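Protein sequences, first through last, are from chains A and B. Count along the first sequence from 1, add 39, and you get the number used in this note's numbering. Count along the second sequence from 1, add 1349, and you get the number used in this note's numbering.
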Amino acid sequence: MKENGQNNLSSELLSRLNEIGEAEIVVGIPSYNNARTIGHVVRAVNAGLAKYFPERKSLIVNSDGGSNDNTREAVLSAELDVDSVLLVSHPVRLVSRISTPYHGIPGKGSAFRTIFSVAKHLNAKACVVVDSDLRSITPQWVELLAKPILERDLDYIAPYYLRHKYDGTITNSIIYPITRSLLGKRVRQPIGGEFGLSGRLAAHYLEKEVWGTDVARFGIDIWMTVTAIAEGFRVAQSYLGAKLHDAKDPGSDLTSMFRQVVGSVFELMETYSSVWQAVNGSQPVPMFGFPFEVGVEPISVNVDRMIKTYRQGISDLREIFQDFLSPQTFQGLTACAERSGEDFRVPDLLWVHLIYEYAAAYHHKALDRDHLMQSLVPLYLGRTASFVLEVRESNAIEVEQCIENLCNVFEAERPYLHHHWNDRSRKEKDHARAN
Amino acid sequence: MPGLIENFVIEPFHRLAQQLALVVPALITVLVILIIGGALAYLARLITYRLLVVTHFDRLMIQTGMASTIDRARVFRSPSDFGARLVQGVLWMFIILLALSATNAQMTQDLVVRFVNYVPDIIAATLVLLLGSVVSKFLARSALLAAVNAHWSGARLIAGGVRLLVMSLAVVIALEQLRIGRTALLVSFGILFGGVVIGGAIAFGFVARDLAREWVQSILKSRASEDEEVFRHL
């Protein structure tokens, strides 16, 4: 059921907000059992607000999903050592803090909905959201995400991180290339997790009837980015350095991650089909912050297991693939499965055709959509294994060049997407010919 | 002599004429019903076909997974063709019943009444089979995808088992609805189902020991590797 995002604040929270009155900056921290890390995040945010926005009235709001490890207490009790952050001027205004449970479907999206409602209620000019399991957050993140909104009249600030070459492979192989190709804006981390947005954009999000869908779970990040770009809001990105998380990942189930994130992209392609069909090429978006080199944590990857899953997928799911993939693409995938060891590769062009055919199949409802997303998982693991083998000896610049090359193929193959999108499904065509 | 001719030639012909006079109108009625009914059934097939094509019935069947089943039969051009011929077949059944009832014979009348009373059961059984086919295909595909994504090597076997189980259940319910061999059927199904479970367990224990070991190892290994791997997809 679709649900409008307004009027979801409890009476207790409303009376607390009425006491506060107004706030120029609202920083939201969604959480679920993050007592171990959220104190650090709250302290960093508090320091950021005190250091970079001493004269602006600010609020930190923790939107919690029913934690049972004292997360909310950790938020309220986190102490900021003012001397240790070397404030140039002492804060004129104190930073208020609220911790409240959110209502609705459990997930990050529902937590964001409460944060946006709070921002709207307080007439906030800027709203910043940061994850509660961050280990690398610094006070400057608040400045980098909020200042462009407050001083440059921008609406949406996406993060730009330095990550390990094997980190964020859904982002690198699907989400970034496809959003860039479709919407024409090079937002490098469209599902980064930390964002800055204007008060008007937060209010605009609340008016959308998506809060009962997968957007309310883990599809929120991509939905926010795509909605902001597709609806003409002014978008930029800020360089935040490295992103280090707590070991626990709330979306560690790859299948549901796919359904919620990649499925949300395909769903958004339906919503904004008239927008992306008119886009050609891509442009960079303004970048804030000072890029610097950082060390990133090493990541271990089990390539053999990924290749094995890919091969099993090709073998066991062939009837499913043959139902909606073009014969050339399926043959290409089968040929990849036959390559062994270090030679295993899923080429860029084949991968791009595959993703575009999946998008078209989602559009044509060629298969149950949950099943469609699940069937992509082994193929994605194959592509990831191929990427790992390809960049094993590469440095960060070379890896970025590989991703850039993939993006260029995504952009060059747009006619392929248009053809499949506007055409009927293969099976339907077979039947139409027979009819 | 004239009496003889009267008795052995004219009289039988007269009786035959009387019999024919009774039967021929009924036969002509049957023939007319069959010809007109057949034409109407054909017309209904054409109209249904056009309607199904226009309303994208093929797409719906592709989405439910039924299209593959229909295609695999290699009898029908498309799901729309299947639907149209199904309508024609049902109409033919009613036309034949109507034609039989037009003969006014007691036996055919009884047959028609019995068949008409049986029609709801046939429809219910057909619906059960259709539903069973759709559900079994959906569940089998769900099991297959889940098993592949869980790295289980016997994924197709699991999916096949799920399909067989659900379809067997649908067939038993359908036959029960048709009142065909109720007791024997239930006992047979019980024996078959029990046999499959015991057989499966024995096979898993003896023949598929490697599979069982691999399965358990894969679960343990994946848990262990999840702990050691800090691979982030997003």
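For every residue, glycine included, the Cβ atom is placed at its ideal position computed from N, Cα and C. Values in this document were obtained by computation on a predicted structure and should not be read as measured data.
Closest by CA to A/Gly271, which one among A/Thr294, A/Leu240, A/Asp260 and A/Ser277? A/Leu240
Identify the contact partners of B/Gln1437 in chain A, using a Cβ-Cβ distance below 7 Å as the criterion. What B/Gln1437 touches in chain A: nothing, since even the nearest Cβ is about 16 Å away.
According to the Cβ coordinates, are B/Phe1520 and B/Val1484 closer than 7 Å? It should be pointed out that residue 1520 of chain B corresponds to Val in this sequence rather than to Phe. Taking 7 Å as the Cβ cut-off, B/Val1520 and B/Val1484 do not qualify as a contacting pair.
State buried or exposed for B/Val1465, treating a residue as buried only when at least 16 other CB atoms are found within 10 Å of its CB. exposed
Whole angstroms are fine: how far does the CA of A/His284 sit from the CA of A/Gly334? 14 Å
A/Ser303 to A/Tyr215 span [Cα, whole Å]: 13 Å
Taking DSSP as the reference, what is the three-state secondary structure of A/Gly290? Here the model assigns A/Gly290 a pLDDT of 40, short of 50, so the residue's position is not dependable, and the following value carries that caveat. Note: A/Gly290 maps to coil in three-state DSSP.
Using a threshold of 7 Å, state whether the C-beta atoms of A/Val324 and A/Lys186 are closer than that. no
Give the residues of chain A in contact with B/Arg1394, contact being defined as C-beta atoms less than 7 Å apart. Simply none; closest approach about 13 Å.
In terms of residues, what are the limits of the beta strand (DSSP E) holding A/Pro69? Ile64 to Ser70
Does the structure place the segment 427-440 of chain A close enough to the segment 364-377 of chain A that three or more beta carbon pairs sit under 8 Å? no
Which residue comes first and which comes last in the beta strand (DSSP E) that contains A/Asp103? Ser97 to Asp103
Once DSSP output is grouped into helix, strand and coil, what is the label at A/Leu283? coil
Could I get the ranges of all uninterrupted beta strand (DSSP E) runs contained in the segment 1430-1495 of chain B, with 3 residues as the minimum, in chain order? none
In chain A, which residues lie with their C-beta within 9 Å of the C-beta of B/Val1536? Result: empty, since nearest Cβ-Cβ is about 35 Å, beyond 9 Å.
Spatial distance of A/Trp460 from A/Asp206 (CA atoms): 31 Å
Could you give the DSSP three-state label for A/Leu56: helix, strand or coil? helix
Give a yes or no on whether 7 Å exceeds the smallest Cβ distance from B/Ala1504 to chain A. yes
Which of helix, strand or coil does DSSP assign to A/Gly235? strand
Limits of the alpha helix (DSSP H) - the one that B/Ala1393 falls within: Glu1360 to Val1403
Under the assumption that A/Ala150 contacts A/Pro229 (Cβ atoms under 8 Å), give the Cβ distance between them as a whole number of angstroms. Their Cβ separation, rounded to whole angstroms, is 19 Å, which puts A/Ala150 and A/Pro229 out of contact at 8 Å.
Specify the secondary structure class of B/Leu1524 as computed by DSSP and reduced to three states. helix
Nearest-angstrom Cα distance between B/Gln1398 and B/Leu1480? A small correction: the amino acid at residue 1398 of chain B is Tyr; Gln does not occupy that position in the sequence shown. The alpha-carbon atoms of B/Tyr1398 and B/Leu1480 are separated by roughly 22 Å.
Closer than 6 Å to a non-hydrogen atom of the ligand PLP - does that hold for the CB of A/Leu428? In terms of ligand content, the structure shown is empty, and the ligand PLP therefore cannot be addressed.
Partners in chain B for A/Ile359, counting only beta-carbon separations shorter than 9 Å: Arg1490, Leu1493 and Leu1494
Against chain B, with Cβ distances strictly below 7 Å, would A/Asp355 count as a contact? yes
Classify A/Ile144 as helix, strand or coil using the three-state DSSP reduction. coil
Between A/Asp475 and B/Leu1488, how many whole angstroms is the CB-CB distance? I'm expecting something under 8 Å. Lying outside 40 to 474, the shown extent of chain A, residue 475 of chain A is not represented and no answer is given.
Does the distance from the C-beta atom of A/Gly67 to that of A/Ile154 stay below 7 Å? yes
Report all residues from its chain with a CB closer than 6 Å to the CB of A/Trp180; omit the five preceding and five following residues, and keep chain order. Leu279
By Cβ distance below 8 Å, which residues in the same chain neighbour A/Leu388 in space, the five residues on each side in sequence not counted? Val448 and Glu452
In three-state DSSP terms, what is A/Arg136? strand
If we ignore side chains and look at the alpha-carbon of each, how far apart do A/His458 and A/Phe360 end up? 19 Å
With DSSP as the reference, label A/Leu445 as helix, strand or coil. helix
Taking Cβ to Cβ, would you say A/Thr208 is nearer than 7 Å to A/Thr348? no
Separation of A/Gly60 from A/Cys166, as counted between CA atoms: 16 Å
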